[in-house]
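Read through the structure below, which is laid out as structure tokens, and then see the notes.
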DNA sequence: ATAATAATAGGAATGATTACTATTTATTTT
DNA sequence: AAAATAAATAGTAATCATTCCTATTATTAT
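Shown next as structure tokens:
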């Protein structure tokens, strides 16, 4: 894979935010410094960056979001504001139990905990 | 909400399978007995059935699947065959811990465990 | 049976993502 | 440093899942 300014920029944008951005948001940001970058280029590079292990794809409902944090972690999703909050709740220590109980070799666990974050809780 | 043959059929189709079908598969099945049913009708009814609590929607990557099993449960997803396997691994007992540790009120947990099922494991 | 209106069929519209292709650009070879 | 090679791009068309729209049909209350 050879160098391109577009790929470098896409990567930089994902690495600079904790907002788990969508492809479209990355596109909008990238246009600020590369005005004629195309959306296809953003998608292609996000896919390549994931393949190379630099970023991870998160499926939030039926939209893809991207995350620079590649270590195993989980997400809280506030149904009120839509924010995704990174947490570490389950780690790889559950893999042997799943293998034993269900005869299933685990690669990774994707968990969304859906509810209300502290900013939007009605009361305690 | 008043009776319709189409809604009854959609519900019956989802209730008869353990394959976590997509809207399109439900549509194909429904056409066998209601040849001129439309895809929009299938989508509308799936949504209504979910709202009424008869079925649940599962987002598998960026495609919606439907599940008659409405009690909390989790899914193993084999990356080899794509099958979704129902398991009960995490239950609501984790909710208080998440509330305490992260100040987050949990409604539900969506978990996908991705890996290789026993049919497709290379060896132990 | 009639009136009121929820639900439908069929097709158009939308939104996210992928595919296509002529051109540009990074790297390699000379 | 110029030419050759091939990867990457821009721009656009195509695809796929899903939703929206509207005239017509079907269910239910009167």
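Protein chains in written order, with my numbering: chain A, 1 to 124; chain B, 1001 to 1124.
For glycine and all other residues, C-beta sits at the position ideal for the given N, C-alpha and C.
| Check | Outcome |
| --- | --- |
| Environment of residue 1045 of chain B [buried if 16+ CB atoms lie within 10 Å] | buried |
| Distance, residue 3 of chain A Cα to residue 9 of chain A Cα | 11 Å |
| Residue 1082 of chain B - partner residues in DSSP beta bridges | Paired residue(s): none; residue 1082 of chain B is not in a bridge. |
| Under 7 Å (Cβ pairs) to chain A, residues found in the region 1024-1051 of chain B | none |
| Where residue 1103 of chain B meets chain A, residues with beta-carbon distance less than 9 Å | 117, 118, 121 |
| Close Cβ partners of residue 89 of chain A (< 6 Å) along its chain, the five nearest in sequence each way excluded | 74 |
| Backbone CA spacing between residue 1094 of chain B and residue 111 of chain A [nearest angstrom] | 13 Å |
| Cβ distance (whole Å) where residue 1057 of chain B is taken to contact residue 1006 of chain B below 8 Å | Actually they do not touch by this definition, with Cβ atoms about 19 Å apart. |
| Closer than 8 Å at the beta carbon, the chain B residues around residue 76 of chain A | 1098, 1102, 1104 |
| Reduced DSSP category for residue 104 of chain A - H, G, I as helix; E, B as strand; rest coil | coil |
| Meets three-Cβ-pair contact criterion under 8 Å: the region 1050-1070 of chain B and the region 1029-1036 of chain B | no |
| Span of the beta strand (DSSP E), counted from its first residue to its last, around residue 1064 of chain B | 1063-1067 |
| Contact set between residue 1061 of chain B and chain A, taken where Cβ atoms lie within less than 8 Å | 59 |
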